[in-house]
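Take the sequence shown: its position 597, counted from the start at 1, is 604 in this note's numbering, and no numbers get skipped.
Think of the CB as a built atom: it goes at the ideal place given N, C-alpha and C, for glycine as much as any other residue.
These notes concern the structure reproduced below.
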Amino acid sequence: MDAVKYDLDGDVAVVTIQNPPVNAASHAVRAGLVEAVQRAEVEAKAALIIGDGRTFIAGADIREFGKPPKDPWLPEVCNRIEACKIPVVAALHGTALGGGLEVALAAHYRVAVPDAKLGLPEVTLGILPGAGGTQRLPRLTGAEAALEMITTGRPVSAAEALEIGILDAVQDGTPRQIGLDMAREAIAKGPRPTGDLPAPEAVDFDAWHAKALARGKGQIAPATAVRAVQAASELPFTDGLARERELFGDLMASPQREGLIHAFFAERAVAKLPELEGVAPRDLAEIGVVGGGTMGAGIAAACLLAGLKVVLVDRDADAADKAKARVASMLDSAAKRGKLLPERRSEIDSGGFRAADTYDALDASDLVIEAVFEDMDVKREVFATLDKVCKEGAVLATNTSYLDINAIAGATGRPSDVIGLHFFSPAHIMKLLEVVVADATAPDVVVTGFALAKRLRKIAVRAGVCDGFIGNRILAHYRMAIDNMVLDGADPYQVDAALEAFGMAMGPYAVSDLAGLDIGWATRKRKAATRDPRERVPGFADTLCEMGRFGQKTGRGYYLYPDGARRGEPDPEVQQILADERAQQGLTPRSFTDDEIQRRFMAAMVNEAARVVGDGIARRPLDVDVTMLSGYGFPRWRGGPMKWADMTGLDLVLADLKRFAKDDPWFWQPAPLLQKLVDEGRTFEDLNKEAQP
Ligand code: 3H9
8 MDAVKYDLDG
18 DVAVVTIQNP
28 PVNAASHAVR
38 AGLVEAVQRA
48 EVEAKAALII
58 GDGRTFIAGA
68 DIREFGKPPK
78 DPWLPEVCNR
88 IEACKIPVVA
98 ALHGTALGGG
108 LEVALAAHYR
118 VAVPDAKLGL
128 PEVTLGILPG
138 AGGTQRLPRL
148 TGAEAALEMI
158 TTGRPVSAAE
168 ALEIGILDAV
178 QDGTPRQIGL
188 DMAREAIAKG
198 PRPTGDLPAP
208 EAVDFDAWHA
218 KALARGKGQI
228 APATAVRAVQ
238 AASELPFTDG
248 LARERELFGD
258 LMASPQREGL
268 IHAFFAERAV
278 AKLPELEGVA
288 PRDLAEIGVV
298 GGGTMGAGIA
308 AACLLAGLKV
318 VLVDRDADAA
328 DKAKARVASM
338 LDSAAKRGKL
348 LPERRSEIDS
358 GGFRAADTYD
368 ALDASDLVIE
378 AVFEDMDVKR
388 EVFATLDKVC
398 KEGAVLATNT
408 SYLDINAIAG
418 ATGRPSDVIG
428 LHFFSPAHIM
438 KLLEVVVADA
448 TAPDVVVTGF
458 ALAKRLRKIA
468 VRAGVCDGFI
478 GNRILAHYRM
488 AIDNMVLDGA
498 DPYQVDAALE
508 AFGMAMGPYA
518 VSDLAGLDIG
528 WATRKRKAAT
538 RDPRERVPGF
548 ADTLCEMGRF
558 GQKTGRGYYL
568 YPDGARRGEP
578 DPEVQQILAD
588 ERAQQGLTPR
598 SFTDDEIQRR
608 FMAAMVNEAA
618 RVVGDGIARR
628 PLDVDVTMLS
638 GYGFPRWRGG
648 PMKWADMTGL
658 DLVLADLKRF
668 AKDDPWFWQP
678 APLLQKLVDE
688 GRTFEDLNKE
698 AQP
């Protein structure tokens with residue numbers, strides 16, 4: 008099949024892109040487009056560009072990034088389309104994104120079907136629209152609307168695109184049919200190059216730049232894109248294109264682009280289970296949830312928002328009522344954010360959701376998710392009951408964050424139906440789902456876990472059973488590294504600031520305050536008996552809990568939250584508690600630079616992550632990356648901790664570990680996998696590639 012098909016429909020040359028699955032503008036597509044336009048100029052009175060299959064062009068071919076460019080480049084293709092002597096129409100359906108929308112902007116007229124989406128998502132990949140998008144879009148929409156689309160990367164609907172001036176019409180029908188109608192009208196009107204339109208009026212570009220920098224949290228592409236749009240307003244069209252290309256080149260060469268594109272492909276790779284190909288998932292018509300606390304209610308809300316039927320069970324009528332109210336308030340706020348249509352709400356209210364106080368209500372559930380108190384005895388009791396009441400073939404899932412799922416499965420007579428589905432709080436918002444596969448879990452139960460994630464629009468990562476699975480196990484380790492630094496003299500507020508400067512969504516102490524310090528307290532108590540005698544014990548976290556300082560919910564934790572403030576203030580009392588503990592342990596406090604804080608934090612994270620991969624808990628390094636990006640606020644533009652380690656150099660990370668080990672040889676002993684990769688001169692990416700199907 009040719010990447011670009013050409014045929015004549017009367018006077019109109021129809022140019023069809025055929026590059027499944029998303030018609031990315033690969034080299035063959037670009038070359039085919041130029042050839043088709045040249046031919047149309049000779050043979051037709053108008054040309055129409057459409058996409059075959061599910062979408063118009065969804066962008067440049069991201070797989071070609073980082074490789075030597077091959078002529079013709081997309082900017083030249085777009086310029087050639089714009090310079091065409093006969094009118095060119097683009098008829099859009101599916102997702103016209105990035106370079107795809109840029110092709111459409113270079114056409115002279117644009118029409119779309121009502122459910123088409125149009126966007127310039129390049130900044131999410133660490134680049135900016137580099138085929139004229141920053142120059143042509145603002146000429147059609149004005150600078151403000153173009154800046155909004157380009158700096159956020161968010162797509163707009165066909166209706167919005169019509170309103171802001173991108174489209175000439177929105178029409179029902181096939182792209183070919185609506186495009187031909189417009190092309191025939193365009194013959195009389197002639198070509199209408201977007202580049203000939205007047206430059207957009209200036210806006211406060213410096214303010215946009217500052218806003219984009221702040222929102223980017225260390226990411227540079229959105230702010231750089233502002234300067235490209237500014238060029239559209241200040242420079243003649245061709246000079247603006249040259250400026251865009253220069254800025255595009257800078258971003259293309261940046262490590263942020265590499266990190267973001269790694270994240271893009273890693274997120275898609277985690278969803279694939281080649282070893283289970285052909286295994287069909289079980290039914291997912293009705294979901295049961297046990298426990299209506301914050302987590303259970305969030306899981307119920309997530310399922311309801313995805314259109315599933317839900318039954319929630321709590322221990323008595325009062326608890327069930329409270330759970331029902333909790334779910335209702337989550338649904339209310341989803342409705343306010345436009346995530347729940349009124350029709351779906353009435354469906355939920357008229358039987359789509361039930362809260363009950365007896366387990367018998369779960370007898371029709373296809374999959375039950377347990378979200379009760381994190382205690383092995385309690386969980387085993389719940390599972391023994393589920394074993395009695397659930398229908399044959401029902402999937403029995405636990406939302407435990409740490410506990411041994413094999414032991415939980417052992418409480419039932421059907422361990423092959425048991426799996427871990429570890430949601431992150433708030434469960435109806437957070438993207439990550441760890442699908443934890445126990446020893447006896449059946450293949451179709453694993454596939455069902457992934458199918459549920461897809462239904463909930465979550466990113467599922469396959470994990471093995473161990474204390475904390477992938478994410479919380481790594482978290483516990485880097486947490487120990489920073490707690491030890493604080494014990495040795497670092498200020499927790501400096502630690503948070505240094506790690507936010509590194510790009511973490513929130514500093515770890517602020518995160519603890521948000522999650523509640525009592526969670527870690529309970530875990531420490533549980534693990535106290537099995538603690539390695541060589542492990543250092545920072546007591547300050549327990550001291551805070553003993554004082555009732557549980558974080559935001561009590562107004563005090565590591566920070567103070569006066570009058571319900573959401574952003575905490577440093578508290579001298581905490582600094583005193585730390586000083587007292589250091590004195591008590593006979594430690595002379597020392598200072599840490601921000602750089603050292605970041606290096607210790609990352610060395611600990613990567614080291615434990617290498618153990619997680621080495622032990623087979625994560626399938627590949629990229630599974631760790633996706634876990635940390637979508638569940639733990641790791642900066643996406645760094646690609647994830649394993650990508651960061653590869654880009655930093657595994658030998659340098661190992662050298663850091665060995666240096667830190669001089670103070671604390673037990674904690675900093677290098678993971679065997681990391682040592683092995685360095686010895687062999689290989690990277691985590693090599694492991695990712697070897698594991699590809
Ligand atoms: C750009 O255009 C730069 C220009 O400004 C300048 C140039 C000079 N390339 O997501 P899915 C693959 S930057 C190559 O699972 P969905 C994807 O990896 C680009 N491959 O489907 C997957 O492959 P596999 C701007 C691509 O229906 C398969 O297609 N454009 C590309 O959930 C299916 O993808 C974007 O950023 C690509 N551009 O969502 C759009 N796109 O099956 C990026 C997808 O082997 N793409 N693939 O795993 C998307 O947002 C979504 O893929 C889309 C479809 C919404 C299109």
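If you draw a straight line from the C-alpha of residue i to the C-alpha of residue j, how long is it?
i	j	result
ASP356	ASP122	29 Å
GLY295	LEU374	6 Å
ALA488	ARG607	7 Å
LEU347	ASN413	37 Å
THR301	GLU42	59 Å
VAL277	PHE271	11 Å
ASP213	ARG234	9 Å
ILE227	ASP424	47 Å
ASP179	LYS124	14 Å
LYS74	GLU48	32 Å
VAL36	ASP68	10 Å
GLU151	VAL468	39 Å
ASP549	ARG70	49 Å
With H, G and I counted as helix, E and B as strand and the rest as coil, what does DSSP make of residue i?
i	result
TYR500	helix
TYR565	coil
ALA119	strand
HIS429	strand
ARG531	helix
VAL468	strand
ALA362	strand
VAL318	strand
LYS196	helix
LEU280	coil
ASP328	helix
ILE24	strand
THR102	strand
VAL11	strand
PRO295	Here residue 295 is Gly; the residue named in the question, Pro, does not match the sequence. Here GLY295 sits in strand by DSSP.
LYS52	coil
PRO579	helix
SER164	strand
LEU347	coil
LYS560	helix
ALA617	helix
VAL442	strand
For the putative contact between residue i and residue j, defined by C-beta atoms under 8 Å, what is the C-beta separation to the nearest angstrom?
i	j	result
VAL334	ALA308	5 Å
GLY305	HIS100	Rounded, the Cβ-Cβ distance is 35 Å, inconsistent with contact.
TYR566	PRO577	6 Å
ILE57	GLY140	ILE57 to GLY140, Cβ: 20 Å. No contact.
ALA292	LEU319	ALA292 to LEU319, Cβ: 16 Å. No contact.
VAL454	ILE426	With a Cβ gap of about 10 Å, VAL454 and ILE426 do not count as contacting.
CYS473	ASP622	7 Å
ALA165	ALA119	4 Å
LEU369	CYS397	6 Å
LEU267	TRP644	5 Å
GLY711	GLY523	Nothing can be reported for residue 711, as the shown portion of the chain is limited to 8 through 700.
In chain order, what residues of the same chain have a beta carbon less than 7 Å from the beta carbon of residue i, not counting five sequence neighbours either side?
i	result
THR201	GLU89, LEU112, ALA113, ARG143, ARG146, LEU147
GLN726	Since the first residue shown for the chain is 8 and the last is 700, residue 726 is missing from the structure and cannot be characterised.
ASP18	ALA51, LYS52, ALA53, ILE194
GLY555	THR561
LEU657	LEU681, LEU684, VAL685, THR690
Leaving out five residues on either side along the sequence, give the residues of the same chain with a beta carbon under 8 Å from the beta carbon of residue i.
i	result
TRP673	ASP539, ARG541, GLU542
ARG46	TYR13, ALA20
LEU482	GLY475, TYR639
Run the proximity test for residue i: is its beta-carbon closer than 7 Å to any non-hydrogen atom belonging to the ligand NAP?
i	result
LEU132	Inclusion of the ligand NAP in the displayed structure is not the case, the ligand content consisting of the ligand 3H9 alone.
I want to see whether chain B comes within less than 8 Å of residue i, judged by CB atoms only; does it?
i	result
ASP424	Note that chain B does not occur in the displayed structure, where there is just one protein chain.
Going along the chain, which residues of its own chain have a beta-carbon closer than 6 Å to the beta-carbon of residue i, five neighbours each way excluded?
i	result
ASP632	ALA273, GLY647, MET649, LYS650
GLY39	ALA10, VAL11
VAL502	ILE489, ILE604
Which runs of the beta strand (DSSP E) spanning at least 3 residues fall entirely within the segment 240 to 273, listed in chain order?
Counting only unbroken stretches of 3 or more residues, no beta strand (DSSP E) element lies wholly within the segment 240 to 273.
Runs of beta strand (DSSP E) wholly within the segment 350 to 420 (minimum 3 residues, chain order):
Entirely contained in the segment 350 to 420, the beta strand (DSSP E) runs reaching 3 residues are, in chain order, 360 to 363, 374 to 377, 402 to 405.
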